[in-house]
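**Student:**
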Amino acid sequence: MTEILWLRRDLRRADHPALAAAAAAGPVLPVFVVDPRLWRSVGPARRAWVTANLRSLDEAYDGGLCLRVGDPAEVLPRLARETGAERVHLTRETAPWGVRRDAAVAEALSAADVAGVPSGTPYAVDPGTVLTGSGTPYQVFSPWARAWQQHGWPAPVAVPTDLRLAEAPSDDEARRLLDEALAGDLPALAAAGEEAATERWRTFLDGALAADDEARNVPAVDGTSRMSPYLRLGVVHPRTLLADLAGHSGAAVQRYRLELGWREFYADVLHHHPHSAWADLKPALAALEYDEPGPELAAWCEGRTGFPIVDAGMRQMLAEGWMHNRVRMITASFLTKDLHVWWGHGARHFMLHLCDGDIASNNHGWQWVAGTGTDASPYFRVFNPVTQGLKFDPDGDYVRRWVPELADLPGKAAHEPWKHGGAPGYPDRIVDHAQERAEALRRYEAVRA
DNA sequence: TTTTGAGTTGTTCGA
DNA sequence: GTCGAACAACTCAAA
Numbered sequence: 001m002t003e004i005l006w007l008r009r010d011l012r013r014a015d016h017p018a019l020a021a022a023a024a025a026g027p028v029l030p031v032f033v034v035d036p037r038l039w040r041s042v043g044p045a046r047r048a049w050v051t052a053n054l055r056s057l058d059e060a061y062d063g064g065l066c067l068r069v070g071d072p073a074e075v076l077p078r079l080a081r082e083t084g085a086e087r088v089h090l091t092r093e094t095a096p097w098g099v100r101r102d103a104a105v106a107e108a109l110s111a112a113d114v115a116g117v118p119s120g121t122p123y124a125v126d127p128g129t130v131l132t133g134s135g136t137p138y139q140v141f142s143p144w145a146r147a148w149q150q151h152g153w154p155a156p157v158a159v160p161t162d163l164r165l166a167e168a169p170s171d172d173e174a175r176r177l178l179d180e181a182l183a184g185d186l187p188a189l190a191a192a193g194e195e196a197a198t199e200r201w202r203t204f205l206d207g208a209l210a211a212d213d214e215a216r217n218v219p220a221v222d223g224t225s226r227m228s229p230y231l232r233l234g235v236v237h238p239r240t241l242l243a244d245l246a247g248h249s250g251a252a253v254q255r256y257r258l259e260l261g262w263r264e265f266y267a268d269v270l271h272h273h274p275h276s277a278w279a280d281l282k283p284a285l286a287a288l289e290y291d292e293p294g295p296e297l298a299a300w301c302e303g304r305t306g307f308p309i310v311d312a313g314m315r316q317m318l319a320e321g322w323m324h325n326r327v328r329m330i331t332a333s334f335l336t337k338d339l340h341v342w343w344g345h346g347a348r349h350f351m352l353h354l355c356d357g358d359i360a361s362n363n364h365g366w367q368w369v370a371g372t373g374t375d376a377s378p379y380f381r382v383f384n385p386v387t388q389g390l391k392f393d394p395d396g397d398y399v400r401r402w403v404p405e406l407a408d409l410p411g412k413a414a415h416e417p418w419k420h421g422g423a424p425g426y427p428d429r430i431v432d433h434a435q436e437r438a439e440a441l442r443r444y445e446a447v448r449a
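Numbering (UniProt numbering), first residue to last: 1 to 449.
Written out as structure tokens, the structure is:
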């Protein structure tokens with residue numbers, strides 16, 4: 001009997017509970033359903049990234065990955081009829097849109113006498129599991145992270161050794177959509193697939209992580225793990241990474257464990273507060289005064305604000321489908337505090353372009369910067385784009401790499417072109433930071449009063 | 001129920 | 001240039 005394995009955010013074979021469950025029951029038919037609703041809502045970099053990882057997974061299955069296009073609630077019951085399958089195995093989705101979709105699919109399958117069999121989630125600890133002593137959800141990260149680590153997580157799941165595959169043809173339309181996604185001028189993406197992810201992870205584990213905890217903050221240096229695009233599609237499971245970390249010690253290792261913890265924490269927050277995807281987690285701050293987005297938003301999106309570190313980050317995102325985390329905070333602070341634009345506009349732009357764009361991490365991260373999220377953060381925390389640039393890109397290498405107009409400004413001068421005769425073709429600053437900082441503080445003060 | 005310690009990532013000013 | 005204090009209280013989670 002064919003066991004359908006419906007893949008979504010779990011494009012891997014290693015440490016895959018749903019694959020293990022399917023393989024234990026019979027021959028496995030791995031299937032990916034291209035949902036046009038989703039496919040159209042993301043940018044070219046994200047479509048290309050998904051496609052490249054699907055291709056890699058297809059190779060791992062010796063060309064046995066079945067691709068279909070359409071609404072999964074129609075495609076999957078049809079595929080079950082076609083193959084005689086009685087079960088559809090899947091990794092449980094935990095974000096609001098996916099939860100709703102999966103409920104609709106479960107209903108459609110049930111009507112066709114097919115069972116949906118969920119195994120695991122994309123997280124080491126399932127969202128909703130970690131609770132306070134009184135059984136309520138945690139609101140702040142640090143106590144949550146203590147409880148999360150105390151709770152612990154299962155060991156990685158072994159790859160099935162006796163895997164038998166079932167076959168079903170792919171749609172021509174699905175093939176066409178994927179071919180299209182890899183055609184034309186594409187951003188410079190990372191190498192796709194499990195092997196590439198593992199290689200990258202090993203390099204990080206033995207290199208940057210072992211060497212220096214501070215390298216992670218320097219955008220000119222390749223000092224971060226760059227696991228986020230792989231984690232986003234489940235090319236690697238965090239449980240695998242946590243198991244590897246257990247073999248290492250030191251401050252940087254614990255720090256990295258907590259970075260994975262943030263990913264899990266934000267998924268947990270979203271599980272308990274699904275509305276916080278696009279609404280302020282702190283209702284009191286919903287009254288904050290914003291400016292209607294205008295030409296300044298476009299300047300920010302395109303990297304033309306006249307602030308080198310902001311523009312470098314925005315251009316890196318367009319070029320690579322990825323932005324260094326330090327720079328994400330700086331650019332987000334600039335949009336919300338200097339331009340006074342609602343964080344949701346920035347979050348949407350990030351989701352469109354970032355290959356690792358995840359609704360929980362992205363949107364809660366934005367709310368953290370905007371001051372409307374989980375952190376009891378001092379509202380006066382406003383990033384100064386020049387100070388941040390000088391501090392974390394002291395030699396100016398990062399801004400010159402992404403903003404070629406600054407090429408002739410040596411060293412740290414690249415962060416303040418206006419002090420060094422300007423840079424040909426580079427725009428003037430679109431706002432006065434000191435003035436807008438004061439304005440941001442005024443608006444927060446008005447909400448508090 | 002009350003109390004207590006603590007809270008990712010910043011900036012500016014003045015000594 | 002370096003360092004500590006001020007920014008200003010508020011909420012959370014556990015004891």
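By construction, the Cβ of each residue, glycine as well, lies at the ideal position given by its N, Cα and C atoms.
#1: Is DSSP giving V431 helix, strand or coil here?
#2: Using the Cβ count rule (16 or more neighbours within 10 Å means buried), how would you classify G421?
#3: For E167, tell me which candidate among L270, L335, I4 and T336 has the shortest Cα-Cα distance.
#4: Looking at the strands, I want to know which residues DSSP matches up with C66.
#5: Give, in chain order, every unbroken run of the alpha helix (DSSP H) that is at least 4 residues long and sits entirely within the segment 276-337.
#6: Taking the alpha carbon of D102 as the reference point, which residue from E86, L182, D179 and T121 has its own alpha carbon closest?
#7: Measure the Cβ-Cβ separation of P385 and I330 and say whether it is below 8 Å.
#8: Output yes or no for whether 8 Å exceeds the beta carbon distance between L189 and A319.
#9: Quick check on the burial criterion: 16 or more other C-beta atoms within 10 angstroms. Buried or exposed for T132?
#10: Please determine, among T51, E107 and T83, the residue with the shortest C-alpha to C-alpha distance to P72.
#11: The alpha helix (DSSP H) that contains L163, what's its start and end?
#12: Could you check where the beta strand (DSSP E) with R87 kicks off and where it finishes?
#13: Who are V117's beta bridge partners in DSSP?
#14: On the three-state DSSP scale, how would you describe L5?
#15: Secondary structure at M351, three-state DSSP: helix, strand or coil?
#16: Does A246 come out as helix, strand or coil in the three-state DSSP assignment?
#17: Going along the chain, which residues of its own chain have a beta-carbon closer than 6 Å to the beta-carbon of W402, five neighbours each way excluded?
#18: Just how far apart, CA to CA, sit A21 and V157?
#19: With distances taken from CA atoms, which of V42, V33, R348 and T136 is nearest H271?
#20: I believe N363 touches W278 by the beta-carbon criterion, under 8 Å. Please report the beta-carbon distance rounded to the nearest angstrom.
#21: What does the alpha-carbon distance come out to for the pair L406 and F334?
#22: So, with DSSP's three-state summary, where would you put N384?
#23: What does the alpha-carbon distance come out to for the pair W144 and Y61?
#24: Just checking my contact of H415 with V431 at CB under 8 Å: how many whole Å lie between their CB atoms?
#25: With DSSP collapsed to three states, give me the class of R226.
#26: Under the three-state reduction of DSSP, which class applies to H271: helix, strand or coil?
#27: Between the Cα of L231 and those of M1, R448, Y426 and D15, spot the shortest distance and give me the residue it belongs to.
#28: Would you report the Cα separation of D162 and A23, rounded to the nearest angstrom?
#29: Smallest Cα separation from A211: which of A191, T91, A251 and V34?
#30: Mark A80 as exposed unless 16 or more other C-beta atoms lie within 10 angstroms of its C-beta, in which case mark it buried.
#31: Rounded to a whole number of angstroms, what is the C-alpha to C-alpha distance between W418 and V130?
#32: Can you round the beta-carbon distance between A208 and G184 to whole angstroms, since I take them to be within the 8 Å contact cut?
#33: So for E416, helix, strand or coil by DSSP?
#34: What three-state label does DSSP hand V130 in the structure shown?
#35: Looking only at C-alpha atoms, which of V125, S110 and V88 sits nearest to H237?
#36: Between the Cα of W153 and the Cα atoms of T91, D356 and L260, which residue gives the shortest distance?
**Tutor:** With the structure as the only source:
#1: For the purposes of this step, residue 431 is taken as the residue at position 431 of the first sequence. Residue state, collapsed to three classes: coil.
#2: Reading the first sequence from its first residue, position 421 is the one you call residue 421. G421 should be labelled exposed.
#3: Here residue 167 is taken as the residue at index 167 of the first sequence, counted from 1. The residue with the shortest Cα to Cα distance from E167 is I4.
#4: To locate residue 66, count along the first sequence from 1; it is residue 66. In the DSSP output, where bridge partners are listed per residue, C66 has V31.
#5: 295-302, 308-320 and 325-333
#6: Locating residue 102 in the first sequence gives position 102, counting from the first residue. Among E86, L182, D179 and T121, the Cα nearest to that of D102 belongs to T121.
#7: On the first sequence, residue 385 is found 385 positions in, with the first residue counted as 1. On the first sequence, residue 330 is found 330 positions in, with the first residue counted as 1. Cβ distance < 8 Å, so P385 and I330 count as in contact.
#8: For the purposes of this step, residue 189 is taken as the residue at position 189 of the first sequence. For the purposes of this step, residue 319 is taken as the residue at position 319 of the first sequence. Going by C-beta atoms, L189 is not nearer than 8 Å to A319.
#9: One-based indexing of the first sequence puts residue 132 at position 132. Label assigned to T132: exposed.
#10: Here residue 72 refers to the residue found at position 72 when the first sequence is read from its first residue. Minimum Cα distance to P72 is reached at E107.
#11: In the first sequence, residue 163 corresponds to position 163, counting from 1. That residue, L163, is in no alpha helix (DSSP H); it is neither H nor E in DSSP.
#12: Mapped onto the first sequence, residue 87 falls at position 87. That run of the beta strand (DSSP E) goes R87 to L90.
#13: Indexing the first sequence from 1 puts residue 117 at position 117. According to DSSP, which records beta bridges pairwise, V117 is partnered with H89.
#14: Here the question's residue 5 lines up with position 5 in the first sequence. In the structure shown, L5 sits in a strand (DSSP, three-state: E or B).
#15: As a first step, residue 351 is located in the first sequence; it is residue number 351 there, counting from the start. In the structure shown, M351 sits in a helix (DSSP, three-state: H, G or I).
#16: Within the first sequence, residue 246 is the residue found at index 246, counting from 1. Coil, per DSSP.
#17: Against the first sequence, residue 402 aligns to sequence position 402. Here the set comprises A312, R315 and Q316.
#18: In the first sequence, counting from the first residue as 1, residue 21 sits at position 21. In the first sequence, counting from the first residue as 1, residue 157 sits at position 157. Between A21 and V157, the C-alpha separation is close to 10 Å.
#19: As a working mapping, residue 271 is identified with position 271 in the first sequence. Looking at the Cα atoms, T136 is the closest of the given residues.
#20: Here residue 363 corresponds to residue number 363 of the first sequence, with the count starting at 1. Here residue 278 corresponds to residue number 278 of the first sequence, with the count starting at 1. Confirmed, Cβ separation roughly 7 Å.
#21: Stepping through the first sequence from its first residue, residue 406 is reached at position 406. Stepping through the first sequence from its first residue, residue 334 is reached at position 334. Distance between the alpha carbons of L406 and F334 is about 20 Å.
#22: Position 384 of the first sequence, counting from 1, holds the residue named residue 384. Residue state, collapsed to three classes: coil.
#23: Counting from one through the first sequence, the residue named residue 144 turns up at place 144. Counting from one through the first sequence, the residue named residue 61 turns up at place 61. If I take the Cα positions, the gap works out to 39 Å.
#24: Translated into positions along the first sequence, residue 415 becomes position 415. Translated into positions along the first sequence, residue 431 becomes position 431. Rounded, the Cβ-Cβ distance is 16 Å, inconsistent with contact.
#25: Counted from its first residue, the first sequence places residue 226 at position 226. It is coil, neither helix nor strand.
#26: Residue 271 sits at position 271 when you count from the first residue of the first sequence. Reduced to three states, the DSSP call for H271 is helix.
#27: For this step, residue 231 is matched to residue 231 along the first sequence. Among M1, R448, Y426 and D15, the Cα nearest to that of L231 is on D15.
#28: As a first step, residue 162 is located in the first sequence; it is residue number 162 there, counting from the start. As a first step, residue 23 is located in the first sequence; it is residue number 23 there, counting from the start. Spanning the two alpha carbons is a distance of roughly 8 Å.
#29: The residue you call residue 211 lines up with position 211 of the first sequence. The residue with the shortest Cα to Cα distance from A211 is A251.
#30: Your numbering for residue 80 matches position 80 in the first sequence. When all chains shown are included, A80 counts as buried.
#31: Reading the first sequence from its first residue, position 418 is the one you call residue 418. Reading the first sequence from its first residue, position 130 is the one you call residue 130. Taking the straight line joining both Cα atoms gives about 51 Å.
#32: As a working mapping, residue 208 is identified with position 208 in the first sequence. As a working mapping, residue 184 is identified with position 184 in the first sequence. With a Cβ gap of about 33 Å, A208 and G184 do not count as contacting.
#33: Residue numbering aside, residue 416 sits at position 416 when the first sequence is read from its first letter. Coil at E416, not helix or strand.
#34: Numbered from 1 along the first sequence, position 130 holds the residue referred to as residue 130. V130: coil per DSSP, three-state reduction.
#35: In the first sequence, residue 237 corresponds to position 237, counting from 1. Nearest of V125, S110 and V88 to H237, Cα basis: V125.
#36: Position 153 of the first sequence holds residue 153. Residue L260 is the option with its Cα nearest to W153.
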